[in-house]
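Here is the structure we will look at.
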Ligand SMILES: Nc1ncnc2c1ncn2[C@@H]1O[C@H](COP(=O)(O)OP(=O)(O)O)[C@@H](O)[C@H]1O
Ligand SMILES: [Mg+2]
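Numbering (this note's numbering), first residue to last: 193 to 477.
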């Protein structure tokens, strides 16, 4: 009998649902707190009880990523793979990989100093959307509509001057209805989708109060989600799309540790069950 391990740093509704489904399916199930787990260079797989397959669910991106590297060192199958988590956690790496795989994505500009970013913006014109390369829940994502705003952003970044402050990721502001589409994929298969309707402002993150509403999985949405998932290297992903008035559906983000509490209430498929079954099939292959 296979044992499923759910690695967490905070237990949210999602982690509870995964545990419940794994137990319902009859698997030995283990909840492991990354915050109190020790690994060293001599650690062997059998020294720790990590089950046969791990679903890595840390809220902290860096904690999850580094924990994943330990799991792969110990030859424990982990979802998502280090490589996938690494790319999805950084918007610049993700955007470049999407584009490389011909997945439609907004035009994005990269600069490596505030001066260079400002100079580029003078050429492209306003507005553009600036995003921290690492971050989620819409934090730090801002529409830059004039030079004053850009100067203020640059000033703050030059003062804090953390390594990521020097990476400027600026993207065309896409004309679209006040909503986006989140698709959850499990092993390159779309399992459910929702619209996220803005509660005011241009950002549509549920964390910012956007209203989730079930979105039918059309062939177009499915095909695009599959393509985006394959481009990232598969696993369990949240693919975010916008309905661009000019270019149709485009992917603006792929999320590594996807939240699904809201969507699971309205989805036809049992999302956490799909995830656990995928993890089990992953080690059976
Ligand atoms: N280029 C864009 N044009 C218009 N709206 C955007 C654009 N990029 C992001 N948004 C809006 O901002 C939200 C947050 O951006 P996103 O790239 O998904 O960052 P985060 O990782 O913080 O969720 C998106 O859900 C979307 O509603
Ligand atoms: Mg997002």
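Glycine is no exception: its CB is placed at the ideal position from the N, C-alpha and C atoms.
Judged by DSSP in its simplified three-state form, residue 358 adopts helix. In this structure residue 245 touches residue 269 by the C-beta definition: roughly 5 Å separates them, less than 8 Å.
Per DSSP, residue 258 is one residue of the alpha helix (DSSP H) stretching across 253-265.
Closest option to residue 265, judged by alpha-carbon separation, among 431, 234, 392: 234. If the five residues before and after residue 343 are omitted, its C-beta is found closer than 7 Å to no C-beta atom of its own chain. In its chain, beyond the 5 residues on either side, 303, 309 have a beta carbon closer than 6 Å to the beta carbon of residue 360. If you measure from each CB to the nearest heavy atom of ligand 2, the residues under 7 Å come out as 328, 330, 397, 432, 445, 447. By the neighbour-count criterion, in which a residue is buried when 16 or more other Cβ atoms sit within 10 angstroms of its Cβ, residue 426 is buried.
With distances taken between CA atoms, residue 407 lies nearest to 376 out of 336, 474, 376. In terms of Cβ geometry, residue 316 and residue 300 do not form a close pair [threshold 8 Å]. Between the alpha carbons of residue 351 and residue 363 lies a distance of about 23 Å. Contact between the region 451-459 and the region 195-207 is present: three or more C-beta pairs spanning the two stretches fall below 8 Å. Membership of residue 222 in the beta strand (DSSP E) is indicated by the continuous run 220-225. Distances from the CA of residue 428 to each of 464, 459, 438, 243 were compared; the closest alpha carbon is that of 464. Not one heavy atom of ligand 1 lies closer than 7 Å to the C-beta of residue 236.
Exclusion of residue 458 from the 7 Å shell around ligand 1 follows from its C-beta lying no nearer than that to any non-hydrogen atom of the ligand.
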